[in-house]
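**Q** According to numbering that gives the first Met the number 0, the sequence shown holds residues 0 to 393 in order. Ideal Cβ positions, reconstructed from N, Cα and C, are used throughout, including at glycine. Dropping a structure here in structure tokens format, bear with me for questions.
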Amino acid sequence: MIVTPMVRNNIFLNAHPAGCEAELKGHIARLDALSPRKDRSPLKNALIIGCSTGYGLASREVAAFRYGAGTVGFSFEKAPSPNKTGSPGWYANKAFDRHAEERGLFSLTFDMDAFSHQAKITAIETAKQKGITYDLVIYSLASPVRVDPDTGVMYRSVIKPIGRDYAGMTSDVFSGKLTMAQVQAADESEIQQTVKVMGGQDWELWISALEAAKVLSSGCTTLAYSYLGPPMSWPIYRDGTIGKAKEDLERAAKAISSKGIGSGLRAFVSINKAVVTRASAIIPIIPLYVSTLFKVMKERKIHEDCLDQSVRLFAERLYRGKGVPVPVDTEGRIRLDELEMGQAVQAEVQSRLAKVNESNLDVLTDIEGFRNDFLRAHGFGVPGVDYSADVDTL
0 MIVTPMVRNN IFLNAHPAGC EAELKGHIAR LDALSPRKDR SPLKNALIIG CSTGYGLASR
60 EVAAFRYGAG TVGFSFEKAP SPNKTGSPGW YANKAFDRHA EERGLFSLTF DMDAFSHQAK
120 ITAIETAKQK GITYDLVIYS LASPVRVDPD TGVMYRSVIK PIGRDYAGMT SDVFSGKLTM
180 AQVQAADESE IQQTVKVMGG QDWELWISAL EAAKVLSSGC TTLAYSYLGP PMSWPIYRDG
240 TIGKAKEDLE RAAKAISSKG IGSGLRAFVS INKAVVTRAS AIIPIIPLYV STLFKVMKER
300 KIHEDCLDQS VRLFAERLYR GKGVPVPVDT EGRIRLDELE MGQAVQAEVQ SRLAKVNESN
360 LDVLTDIEGF RNDFLRAHGF GVPGVDYSAD VDTL
């Protein structure tokens, strides 16, 4: 079939198979173009929990195609049908395994609920069957729901403020229309459920299971991703339901590290830069803020996407050399958002946001760049792809 973008209210409803593969190939080419690494990394095998898009996929790409590591990935994707495309992650996973095999790299991807006990059992059995241990465990799940594997209770996450309703300007990614979005404050059940889904409980369950099975390498590193952002975003993000979940991730990192002292296991939360994700397109104020941030950072030639951030995470934080500690802030967190949160950058972003309207949106912000990233995350707008051609979606 010929596949064209289907978007409703900033939510993508489909993906382009050839475009998703071309985007991944482009990432591999960017990694190949980097200067050769001179260090000897201890990274041999990585487990990526939430491997199909965003920072999870970028981490896996860097581990494999930059560091030569074998990778095992988990994600829960929508498979294609004769009349509908699959999710972008479904195509990205297939493409990743194919290109890893071409490079002679060990790669296995499991399409299953990563919150389940079975996923953890599968990761353990895979390690034992292959005779490997995991040197790096990335926890990068982004899901609207989680089923408790013991009770069967389904929890749902929400993106809501806490304590008071929120109103903020937001932008339609494709029309450029600015509207005032209003979000009701979360109740206590919604807060607790969001922490259950997006917090650190399942991360702890993963590491406990892997440790008990003795499939973690001595000195293994595990990390989860988070975001802080500027104060203007805090009511809907850091001080909201998602923020509570991210606080629980930080709690989990400290708990995991304290339990792993004897084995050298280290757990970190990495605070990363704002990028375009499926979620960032629908959170009030975030598309407008990110579009403005992109414009300012590109003008200063310091813009980074998920792949750039992951390259820097590995080279400048995790694997700086044997015995070299990972640099962290006073809360023990890795910070990769220092360019975004620089005083001059933030001052310029806030100045532009105070003046932006529909008539100057294309001048003061990079709404086009946001739109392009959003398209490419779903396989559209990728250079070199013939979008008028029939493609096999299965």
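At which residues does the alpha helix (DSSP H) containing S74 begin and terminate?
**A** Taken as a continuous stretch (DSSP letters only), S74 belongs to no alpha helix (DSSP H), being part of the beta strand (DSSP E) at G69 to S74.
**Q** Look up T220 in the DSSP assignment and say whether it is helix, strand or coil.
**A** Residue state, collapsed to three classes: strand.
**Q** Can you list, in chain order, the stretches of the alpha helix (DSSP H) that have 4 or more residues and sit fully within the stretch 194 to 250?
**A** Entirely contained in the stretch 194 to 250, the alpha helix (DSSP H) runs reaching 4 residues are, in chain order, 200 to 211.
**Q** Can you round the beta-carbon distance between S290 and I366 to whole angstroms, since I take them to be within the 8 angstroms contact cut?
**A** The Cβ separation is near 5 angstroms, so the contact holds.
**Q** Tell me the DSSP secondary structure of L23 in three-state form.
**A** Helix.
**Q** Return the bridge partner residues of T178 from the DSSP annotation.
**A** Paired residue(s): T169.
**Q** If you count every other CB in all the chains shown that lies within 10 Å of the CB of G239, and 16 or more means buried, which is it?
**A** By the 10 Å Cβ count, G239 comes out buried.
**Q** T193: which of M231, V144, G175 and S269 sits nearest, CA to CA?
**A** Of M231, V144, G175 and S269, the residue nearest in Cα terms is V144.
**Q** Skipping 5 residues on each side, what residues in its chain have a beta carbon closer than 8 angstroms to that of L227?
**A** Contacts found: R237, I270, D336 and M340.
**Q** Three-state secondary structure (DSSP) at T108?
**A** The answer is strand: DSSP assigns T108 an E or B state.
**Q** If we count Cβ pairs, one from each stretch, closer than 8 angstroms, do we get three or more for the stretch 318 to 336 versus the stretch 373 to 388?
**A** No: the two stretches stay apart, fewer than three of their Cβ pairs being nearer than 8 angstroms.
**Q** Between the beta-carbon of V390 and the beta-carbon of V6, is there less than 8 angstroms?
**A** The answer is no: Cβ separation not under 8 angstroms.
**Q** Report all residues from its chain with a CB closer than 6 angstroms to the CB of L30; omit the five preceding and five following residues, and keep chain order.
**A** F64 and R65, listed in sequence order.
**Q** What separation, rounded to the nearest whole angstrom, lies between the Cα atoms of Q342 and R332?
**A** Their backbone Cα atoms lie some 20 angstroms apart in a straight line.
**Q** Can you list, in chain order, the residues of its chain whose CB lies under 7 angstroms from that of G162, leaving out five sequence neighbours each side?
**A** Same-chain partners within the cutoff: A184.
**Q** Taking the Cβ atom as the reference point for each residue, do L248 and G198 lie within a distance shorter than 8 angstroms?
**A** For L248 and G198, yes; Cβs fall inside 8 angstroms.
**Q** Taking R59 and T52 to be in contact with their CB atoms under 8 angstroms, please state how far apart those CB atoms are, rounded to whole angstroms.
**A** In fact, because the Cβ distance is near 10 angstroms, the residues do not count as touching under 8 angstroms.
**Q** Suppose the cutoff is 6 angstroms on Cβ atoms and the five residues either side in sequence are ignored; what does the same chain contact list for V218 look like?
**A** Looking at the sequence provided, one finds Gly at residue 218 rather than Val. Same-chain partners within the cutoff: G263.
**Q** Using the C-alpha atoms, what's the distance from L56 back to A99?
**A** Taking the straight line from one Cα to the other gives about 13 angstroms.
**Q** State the start and end residues of the unbroken alpha helix (DSSP H) segment that holds M296.
**A** Residues I285 to E298.
**Q** When DSSP labels each residue in this structure, what does Y133 get in the three-state scheme?
**A** Y133: strand per DSSP, three-state reduction.
**Q** Give the single residue among P229, S256, K258 and V268 whose Cα lies nearest to the Cα of V244.
**A** A quick correction: the sequence has Ala, not Val, at residue 244. That would be V268, whose Cα lies nearest to the Cα of A244.
**Q** On a Cα-Cα basis, can you pick out the residue from N13, I137 and I48 that is closest to K83?
**A** The shortest Cα separation from K83 among N13, I137 and I48 belongs to N13.
**Q** Measure the alpha-carbon distance for R265 versus I255 and round it to whole angstroms.
**A** About 8 angstroms.
**Q** Report the rounded CA-to-CA distance for Q128 versus I47, giving the unit in angstroms.
**A** Using only the alpha carbons, I get a separation of about 18 angstroms.
**Q** Is the CB-CB distance between P87 and H116 below 8 angstroms?
**A** The answer is no: Cβ separation not under 8 angstroms.
**Q** Provide the residue span of the beta strand (DSSP E) that contains Y154, from first to last.
**A** Segment M153 to R155, the beta strand (DSSP E) holding Y154.
**Q** When you compare each of V295, L306 and A45 to H26 by their alpha carbons, which one comes out closest?
**A** That would be L306, whose Cα lies nearest to the Cα of H26.
**Q** In whole angstroms, what is the alpha-carbon distance linking E203 and Y138?
**A** Roughly 10 angstroms between the two C-alpha positions.
**Q** Mind reading off the beta-carbon distance from I158 to I284? Whole number of angstroms is fine, and I expect it under 8 angstroms.
**A** Actually they do not touch by this definition, with Cβ atoms about 11 angstroms apart.
**Q** Count the other CB atoms, across all protein chains shown, that sit within 10 Å of the CB of E189; report buried if there are 16 or more and exposed otherwise.
**A** Buried, because 16 or more other Cβ atoms sit within 10 Å of the Cβ of E189.
**Q** Identify which residue in Q308, S142 and V152 has its Cα closest to the Cα of R277.
**A** Taking only the C-alpha atoms, the option nearest R277 is S142.
**Q** If we require 4 or more residues per run, which alpha helix (DSSP H) segments fall completely within the stretch 334 to 375?
**A** The stretch 334 to 375 contains these whole alpha helix (DSSP H) runs: 342 to 354, 360 to 363 and 366 to 375.
**Q** Let me make sure I understand the geometry here. Which of S279, K272, R311 and A314 has the alpha-carbon closest to that of M296?
**A** Taking only the C-alpha atoms, the option nearest M296 is K272.
**Q** Just the C-alpha distance for K43 and D361, rounded to the nearest angstrom, thanks.
**A** Using only the alpha carbons, I get a separation of about 45 angstroms.
**Q** Tell me the DSSP secondary structure of F379 in three-state form.
**A** The answer is coil: DSSP assigns F379 none of H, G, I, E or B.
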